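With my numbering applied, the sequence shown covers 2 to 76. Glycine residues also receive a C-beta, built at the ideal position from the N, C-alpha and C atoms. This one's a predicted model, so the numbers in the text were calculated from it and none came from an experiment. Heads up, the thing below is written out as structure tokens.
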Amino acid sequence: MGHLVETIVRSLVDNPNEVQVKQIEGEKTVIVEVKVAPSDLGKVIGKEGRIATAIRTLARAAATKMGKKVTVEIL
């Protein structure tokens with residue numbers, strides 16, 4: 002899950018080396034924390050949060066296939 006989110010986010014930002022993804026797994030849930038450079042935060046969130054919503058939707062689709070729920074937090 003984290004690898005999918007990391008790949009998407011790295012392709013969006015100007016500073017891909019500053020992207021940090023931390024995955025916390027529970028029994029039925031996965032939390033993916035994404036940290037980016039402050040200058041790239043707007044690119045990851047997008048206009049009215051559309052890009053962030055799209056990233057979360059893709060992560061949820063992948064998690065559903067694995068029988069889990071996912072939460073993506075952008076920090």
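Less than 8 angstroms between the beta carbons of residue i and residue j, yes or no?
i: leucine 5; j: lysine 44; result: no
i: leucine 42; j: isoleucine 9; result: no
i: valine 33; j: valine 20; result: no
Buried or exposed: which applies to residue i, given that a residue is buried once 16 or more other Cβ atoms fall within 10 Å of its Cβ?
i: methionine 2; result: buried
i: alanine 62; result: exposed
Can you name the residues that DSSP bridges to residue i?
i: valine 10; result: Looking at the DSSP assignment, valine 10 forms no beta bridge with any residue, so it has no partner.
i: isoleucine 32; result: Ile25 and Thr72
Measure from the alpha carbon of residue i to the alpha carbon of each residue in the options, then state which is nearest.
i: threonine 95; options: Val71, Lys66 and Met67; result: There is simply no residue 95 to check, as the chain begins at 2 and stops at 76 in what is shown.
i: arginine 11; options: Val31, Arg51 and Ile56; result: Ile56
i: valine 22; options: Asp15, Val35, Val73 and Asn16; result: Val35
Could you check the C-alpha separation between residue i and residue j for me, to the nearest Å?
i: isoleucine 75; j: lysine 69; result: 20 angstroms
i: proline 39; j: valine 31; result: 25 angstroms
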